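Numbering (my numbering), first residue to last: 46 to 221.
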């Protein structure tokens, strides 16, 4: 399937979760077998060279784990606080209305290991930048990130590139 055909599978929900937001619903994409497979294939091609794939909770688990399985690589879950049963390292980061935190098992990464980030959506780049910082804190080399959707008007791609990460996005939705 072409990128345009895949983009057509993403449903837009106006005014969700609040007025003025155009929510990009990927459930219609992952619910389309051929579309989901083509998306995973596209993402996998963009992160070639990584030796592990990291994905952020929750929708990053869907795409990241699928890409890791497709490439025969380990998947590194980047979790919300208190969700891992082992010792963790974490990083705090700012959201539009407060702070949040990401955590991971530091033993999941070897020093210098090339890890790529895969996620569903790139908006402001706050979560992906925090994940990059966390993975680097664990010793990983993070130079690649691939997203299903980029909202370029929100500047996330620029933020990641400024931190030395090459950014790929299957589709863009502008003005949202």
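C-beta: ideal position from N, C-alpha, C; glycine also.
Bear in mind the structure is a predicted one, so any value in this text is a computation, not a measurement.
Compute the distance between the beta-carbons of residue i and residue j, then report whether it is under 8 angstroms.
i: residue 177; j: residue 205; result: yes
i: residue 97; j: residue 122; result: no
i: residue 69; j: residue 166; result: yes
i: residue 88; j: residue 74; result: no
i: residue 136; j: residue 175; result: yes
i: residue 72; j: residue 193; result: no
i: residue 107; j: residue 179; result: no
Could you check which residue in the options has the C-alpha nearest to that of residue i?
i: residue 191; options: 86, 60, 136 and 152; result: 86
i: residue 148; options: 209, 64, 217 and 127; result: 127
i: residue 105; options: 179, 172, 212 and 207; result: 172
i: residue 158; options: 187, 134, 63 and 101; result: 187
i: residue 163; options: 58, 54, 82 and 101; result: 101
i: residue 144; options: 200, 125 and 196; result: 125
i: residue 116; options: 90, 83 and 49; result: 90
i: residue 201; options: 66, 212, 110 and 169; result: 169
i: residue 112; options: 103, 129 and 82; result: 82
Based on DSSP bridge pairs, tell me the residues matched to residue i.
i: residue 122; result: 100
i: residue 149; result: 134
i: residue 109; result: Residue 109 is not bridged to any residue.
i: residue 216; result: 194
i: residue 143; result: 140
i: residue 161; result: 98 and 189
i: residue 67; result: 59
i: residue 167; result: 195
i: residue 211; result: 189
Please go through the same chain and pick out, in chain order, the residues whose beta-carbon is closer than 6 angstroms to the beta-carbon of residue i, but skip the five residues on each side of it.
i: residue 161; result: 92, 95, 98 and 189
i: residue 61; result: 68
i: residue 110; result: 120
i: residue 56; result: 70 and 73
i: residue 58; result: 68 and 70
i: residue 213; result: 91 and 191
Taking 8 angstroms as the limit between beta carbons, can you name the residues of its chain near residue i, skipping five residues before and five after?
i: residue 48; result: 87, 215 and 216
i: residue 131; result: 150 and 152
Open item on the list: Would the region 64 to 81 count as touching the region 125 to 142 if we require 3 or more Cβ pairs under 8 angstroms?
Closed with: no
- [ ] Examine the Cβ distances between the region 144 to 153 and the region 169 to 184 and report whether three or more of them are shorter than 8 angstroms.
- [x] yes
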